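With full-length UniProt numbering, the residue at position 589 of the sequence shown is 589, and numbering never jumps. All C-beta atoms, glycine included, are put in the ideal place defined by N, C-alpha and C. The structure presented is a predicted model; accordingly, all values stated were derived computationally and were not measured.
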Amino acid sequence: MAPPLSSWPWASLGIYKARTEHLLFSHPHRLMFSSLTDIFVVLHDRWSTDGRAQYFLLGPLVWKVAQEWAEQGGAPLGSRWLHLLLLFSARGLTYQFWFSYSNMLFLTRRRRVVPDGVDFRQVDHEWDWDNFLVLQTLIGAALVNGPLPLPGLEDLRVWDPRGLGIALLLHVGFSEPVFYWAHRALHGTPLFGQYHAGHHSTAVTQPLTAGFGTPLEALLLTLTMGVPLAGAFLMGAGSLGLVYVHLLTFDYLRSMGYSNVEVISHRVFEAVPPLRYLIYTPTYLSLHHREKDSNFCLFMPLFDLLGGTLNSKSWELQKEIYKGKNDRVPEFVFLVHVVDIMSSMHVPFVLRSISSVPFENHLILLPFWPVALVYGMLMWCCSKTFLVSFYYLRGRLHQTWSVPRHGFQYFIPAAKAGINRQIELAILRADRMGVKVLSLAALNKNEALNGGGTLFVDKHPDLRVRVVHGNTLTAAVILNEIPSNTKEVFLTGATSKLGRAIALYLCRKRIRVMMLTMSSERFLKIQREAPAEFQQYLVQVTKYQAAQNCKTWIVGKWLSPREQRWAPPGTHFHQFAVPPIIGFRRDCTYGKLAAMRLPKDVQGLGSCEYTMERGVVHACHAGGVVHFLEGWEHHEVGALDVDRIDVVWKAALKHGLTPV
């Protein structure tokens, strides 16, 4: 009996991986595949998640290309091994192209077939989606180096038009019916539970879902994809061009069908009705993926029609979705901006393996830095606020929009008016759409830029959307991190919006606050806001040396290593500085930026918010969420209301948000 599906997660290739690595390091001259037996050894062991170790299996091909390159003194353009590697890359890029397009929500949100989001469970489930490409590349290597190579491989032509016709006939006459009946069989008992249930375990299809499955499913796809090519070669009409055209077209159609974005207009099928039986659509495949009892075809619905399994809703639903049936208005919007060039690639439509984990400067992103730079310049010139990501909380749609500006641009005086205009247009757009709450992130609420959002509220007094900076909850998170037995703190950024609120709150708790500021005028203004009996707890200091005996530092301004050295050993640095300070002291501890974990019932969240852990958002984001969930009617802009800090904190906990 076959092992259960849970034992086939598709990653390390077990025995064959170990054998390949041994040969790679011990006997590189023997790294050639001599028969299909070598490939199917892969299937004798369980495939367990092991990072990207499966790429070691392509080592023999890389070695062979390197040998030929050295022998020929240049790129071996006629090398079969080189073309196998190029095909592997081109096929992977095809799926990545469709993945990127389908997740560019600013282009595709109105035509999404299933409106739900892809969550972290699905991301992890499909993490090794490309193993089928590795397997098929290895099978190709075994075939071209086998004892009975296909005719025409020795003297491979660039192109033969006859091959395309033969491959097309074999696809329609063999691949389509074989896939249809095999696919129907996989939906029967007991094959479905053993070999196909995992593929259907996710509600939202993605181009990467097309590659996720068991080895049996991969072999079925290999058969249906490979027979037309083999037939063309056996009939003497094979060519290098045919291999590229056939494989890339096959992958293009597969990833298009799984894209979850309706890309074919209903008008095409209305103009040419027979066409609906010759090419499937993302809606057509999504119906199969959800209902599992119809629409079994590979690419041609004709075979579902002949087999009596064509879903009657396919075409009407496709028309409705293309017209925007699933488009919804968000009720909460978090308005962010791009931090820098590298982090601009930490978005859901670039690389899912990057965006689904906290942001770091990965080496794999360096080659794309120039592309991101050019894209950032284009955004600056001709872009407007765009949709980045979304999730659902208690049935309500929450979206993240981004102002097309990088962090450094906020400090260019000439850019100030343009940035405020972008933010203003986003607020007015949200107001027209019926958004309930819009929360400003990071520098979008900078006091010097727009008074913490006051500029927009004063300019548009009739706004229905509530504009929120969320800093009240940010202050609450920081304050609740401070131990209850604390008697003294050192505060930098003391006269900022957050610094002021923290100082006034702590002095009411009879905690001595050393406020680092050179401006006596600003200090005295804040001190006078405190009740008379608590003013004595606010103390102005002008040098870091004043805190050399204080072990609780609250940092709202960047600290250099020299400034940090004044802290005594054992100091904990709480911080609200953006960007966060770097921990230079090994004898001290450093807190992260204020953040909260979203409630457990959040749905469709599959990307991380900058450096935050999965499911964790910045406190200002969480503050906007609380404002929305509570249904508060006031704007939260400008100076913080110290009396509301505890109110907002209790409301956050009531709604299931938790401190990190």
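Buried or exposed by the 16-neighbour rule on C-beta atoms within 10 Å, applied to residue i
i      : result
Leu305 : exposed
Tyr544 : buried
Ala66  : exposed
Thr474 : buried
Ala532 : exposed
His634 : exposed
Asp130 : buried
Met514 : buried
Arg510 : exposed
Gly623 : buried
Glu316 : exposed
Arg30  : Since pLDDT at Arg30 reaches only 42, below the 50 mark, its modelled position is unreliable, and no value is offered.
Leu229 : buried
Asp293 : exposed
Tyr95  : buried
Val648 : buried
Cys382 : exposed
Asp587 : exposed
Asp119 : buried
Glu217 : buried
Pro151 : exposed
Val642 : buried
Asn444 : buried
Leu93  : exposed
Gly165 : exposed
Proximity test, residue i beta-carbon vs the ligand ATP heavy atom, cut-off 8 Å
i      : result
Phe390 : You won't find the ligand ATP in this model; it holds no ligand whatsoever.
Pairwise C-alpha distance: residue j and residue i
i      : j      : result
Val660 : Ile478 : 11 Å
Arg522 : Asp124 : 51 Å
Asn420 : Gly241 : 53 Å
Met104 : Tyr391 : 15 Å
Gly339 : Pro301 : Residue 339 is actually Val in this sequence, not Gly. Using only the alpha carbons, I get a separation of about 46 Å.
Lys225 : His171 : It should be pointed out that residue 225 corresponds to Met in this sequence rather than to Lys. Their Cα atoms are separated by approximately 8 Å.
Asn450 : Ala441 : 13 Å
Ala448 : Ala430 : 24 Å
Gly407 : Val357 : 21 Å
Ile645 : Thr472 : 6 Å
Val62  : Ala141 : 12 Å
Ile412 : Cys550 : 36 Å
Ser560 : Met518 : 18 Å
Pro370 : Lys313 : 46 Å
Glu609 : Ile354 : 12 Å
Leu640 : Val468 : 11 Å
Leu463 : Asp116 : 29 Å
Gly583 : Lys650 : 31 Å
His362 : Val388 : 21 Å
Ala372 : Val347 : 12 Å
Glu331 : His621 : 14 Å
Trp558 : Ser484 : 26 Å
Arg508 : Ala530 : 8 Å
Among the options, nearest to residue i - alpha-carbon criterion
i           : options                           : result
His183      : Leu170, Leu168, Ala167 and His200 : His200
Tyr505      : Ala237, Ile526 and Thr517         : Ile526
residue 667 : Gly470, Ile423, Glu262 and Phe534 : Residue 667 lies beyond the residue range present for the chain, which begins at 1 and ends at 660; the question has no answer from this structure.
Leu629      : Leu393, Pro461 and Arg432         : Leu393
Leu516      : Arg508, Arg500 and Arg528         : Arg500
Val555      : Ile582, Leu491 and Glu529         : Leu491
Phe414      : Arg565, Trp380, Met342 and Arg512 : Position check: residue 414 holds Ala in this sequence, whereas Phe was assumed. Of Arg565, Trp380, Met342 and Arg512, the residue nearest in Cα terms is Trp380.
Ser89       : Phe576, Pro151, Leu58 and Tyr610  : Leu58
Val578      : Val648, Ile502 and Leu498         : Leu498
Leu234      : Ala167, Leu186, Gln194 and Leu219 : Ala167
Val403      : His337, Asn446 and Leu373         : His337
Ala476      : Ile502, Ala70 and Trp566          : Ile502
Gln122      : Ser607, Phe296 and Tyr375         : Ser607
Val541      : Ile427, Thr495 and Gln54          : Thr495
Trp401      : Ile581, Ala426, Pro76 and Ala546  : Ala426
Whole-angstrom C-beta distance between residue j and residue i, which should lie under 8 Å
i      : j      : result
Val602 : Gly434 : With a Cβ gap of about 22 Å, Val602 and Gly434 do not count as contacting.
Phe106 : Phe368 : Actually they are not in contact, since the Cβ atoms of Phe106 and Phe368 sit about 20 Å apart, beyond 8 Å.
Arg91  : Leu156 : Rounded, the Cβ-Cβ distance is 19 Å, inconsistent with contact.
Leu335 : Leu438 : 6 Å
Leu208 : Phe99  : 6 Å
Phe359 : Ser343 : 5 Å
Evaluate the contact criterion for the stretch 645-655 versus the stretch 585-595: three or more CB pairs, one atom per stretch, below 8 Å. no
When you compare the stretch 256-269 with the stretch 187-206, are there three or more beta-carbon pairs, one atom per stretch, that lie closer than 8 Å? yes
Cβ contact check for the stretch 307-327 and the stretch 107-115: 3 or more pairs under 8 Å: yes
Determine contact between the stretch 364-378 and the stretch 76-96, defined as no fewer than three beta-carbon pairs at a distance below 8 Å. no
Can at least three beta-carbon pairs, one atom from the stretch 183-198 and one from the stretch 274-281, be found at a separation below 8 Å? no
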